[in-house]
Amino acid sequence: MTLTFKPDFAEARNMWNQFWNGANERPLILGWNSDLPPDAPSPGRERYFRAASEAGQTEILHDIDATFPHMEYVGENIPFFDADLGPDQFGAILGAPLEFDREIRATNWVRPVVADLHEFHIDPDAVRRNPVFQHWLAWTRRLARHAAGRYLVGSNDLHSGLDALSAIRGPQNLCFDLCDCPEEVERVMTEIRALYVPVFEALAEAAGWTAETGGIGWIPAWTPGRFAVTQCDFGYLISPEDFRRYALPAIAEESEFLTQTAYHLDGIGNLRHLPAILSLPRVRVIQWVSGDGQKPMYEWFDVLLRIIAAGKMLQICCPTVEAVRYVHRQLNRYRGVFYCIDEKLTPEKFDALVAFFRAE
């Protein structure tokens with residue numbers, strides 16, 4: 038299979054296969070180069086707001102047509118776009134209405150709708166018929182038709198599991214529930230967990246994923262099968278004991294279903310759950326995000342080395358090629374990393390970085 042916007046797609050796929058098999062001779066490089074002017078349109082601009090309407094979707098597709106032909110996806114970077122409706126879209130298909138800021142239009146959220154866990158039950162048929170879910174599938178199919186043979190459709194930022202329950206119940210209320218009715222939390226979590234596979238499979242089918250296209254997600258790792266990001270941002274609010282009881286079973290099930298997954302470890306309050314995440318054999322890659330006001334993720338060498346010592350791989354975002362060189366040396370030249378580089382990566386810079394990795 039070839040992609041118009043990634044002529045060396047076959048070579049990139051081969052490198053990713055080596056990465057997952059531990060056979061890569063160097064870290065992977067995800068870079069970009071372009072001749073776009075600074076004021077070029079961005080497909081990601083107000084993406085959730087625009088994805089909510091057919092007219093807005095048309096704008097997104099127009100922006101993809103205006104930008105992707107001018108982008109060079111360097112190294113193991115593979116062009117894709119996903120049909121996300123926003124970070125709480127899983128909560129939305131459980132019946133919570135999506136809310137938009139009509140002025141900023143940068144994100145959205147859902148309004149909690151569960152007043153009492155004892156009275157809440159999930160009807161899988163109602164989820165399948167949910168208008169948000171049907172809209173989501175239709176947008177994914179439309180995007181797949183537009184992408185065919187040119188770029189890939191990525192998996193979604195699902196925020197399933199305990200994050201979905203937090204969205205429909207409200208974080209504060211759910212914290213009280215963990216103390217007041219833990220059995221009800223476990224019951225509802227069992228119902229939510231049962232939805233992950235059918236929801237994912239419906240979206241993957243709509244996205245046109247095949248053995249040839251493989252899968253990719255918002256953490257831009259490609260795999261020959263099913264790929265998605267697992268996470269639990271709600272973990273910031275709970276103890277390691279509660280995390281293992283309520284969040285970890287869902288994360289484990291998702292990672293066992295997926296061909297490969299990367300775990301999004303978000304914020305210093307979630308660091309206390311790192312041992313639990315590292316205990317899951319099917320979670321192969323960790324993305325550590327330090328959060329606002331903290332030093333950049335790539336400077337947390339104590340955390341990164343702990344992850345490496347547990348036998349896991351890493352996604353690390355660096356602003357420059359020089360930062361990549363620095364991090365590579367600090368991590369003892371570890372190959373189980375894919376570096377996402379912010380600065381433009383010309384062919385000369387890419388070749389020099391490959392030579393650096395091979396010489397180290």
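Throughout, the numbering used here is defined as the position within the sequence shown, counted from one, plus 37. Yeah, the Cβ is synthetic: ideal placement off N, Cα and C, and Gly gets one too.
Proximity to Ala287 [Cα-Cα], best of Ala248, Ile229, His301 and Pro78 | It is Ile229 whose Cα lies nearest to the Cα of Ala287.
Reference Ala185, options Val169, Asp138, Ile205 and Ala243, closest by Cα = Closest option to Ala185, Cα to Cα, is Ala243.
Determine the DSSP secondary structure at Met350, reduced to helix, strand or coil.
-> strand
What is the residue span of the beta strand (DSSP E) that Gln297 lies within?
-> Looking at the DSSP string, the run of the beta strand (DSSP E) that includes Gln297 is Gln297 to Asp303.
Cβ pair Glu290, Tyr233 closer than 8 angstroms = yes
Which of the three DSSP states, helix, strand or coil, is assigned to Cys218?
-> coil
Do the stretch 72–86 and the stretch 105–112 make contact, defined as three or more Cβ pairs closer than 8 angstroms?
-> yes
Excluding sequence positions up to five away, which residues of its chain have a Cβ less than 6 angstroms from the Cβ of Met402?
-> Summary: the structure shown does not reach residue 402, with the chain confined to residues 38 through 397, and so no result is reported for it.
Taking just the CA atoms, how far does Asp303 sit from Ser327?
-> 6 angstroms
When burial is assigned at 16 or more other CB atoms within 10 Å of the CB, is His99 buried or exposed?
-> exposed
Does the Cβ of Asp194 have 16 or more other Cβ atoms within 10 Å, making it buried, or fewer, making it exposed?
-> buried
Could you name each continuous alpha helix (DSSP H) segment of 4 residues or more that falls completely within the stretch 74–155, going from the start of the chain to the end?
-> The stretch 74–155 contains these whole alpha helix (DSSP H) runs: 84–88, 91–104 and 126–130.
Quick one: using the 10 Å Cβ neighbour count with 16 as the cut-off for buried, is Cys355 buried or exposed?
-> buried
For Ile141, count neighbouring C-beta atoms within 10 Å of its own C-beta (all shown protein chains included) and say buried if the count is 16 or more, exposed if not.
-> exposed
Since I believe Val358 is in contact with Lys386 (beta carbons under 8 angstroms), could you give me their beta-carbon distance rounded to a whole number of angstroms?
-> 6 angstroms
Below 8 angstroms on the Cβ atoms is my guess for Ile353 versus Gly68; work out the distance and round it to an integer in Å.
-> With a Cβ gap of about 13 angstroms, Ile353 and Gly68 do not count as contacting.
Measure the C-alpha to C-alpha separation of Gly123 and Trp146 and round it to an integer number of angstroms.
-> 7 angstroms
Residue span of the alpha helix (DSSP H) that contains Val236, given as start and end | Tyr233 to Ala244
With DSSP run on the structure shown, which of helix, strand or coil describes Val320?
-> coil
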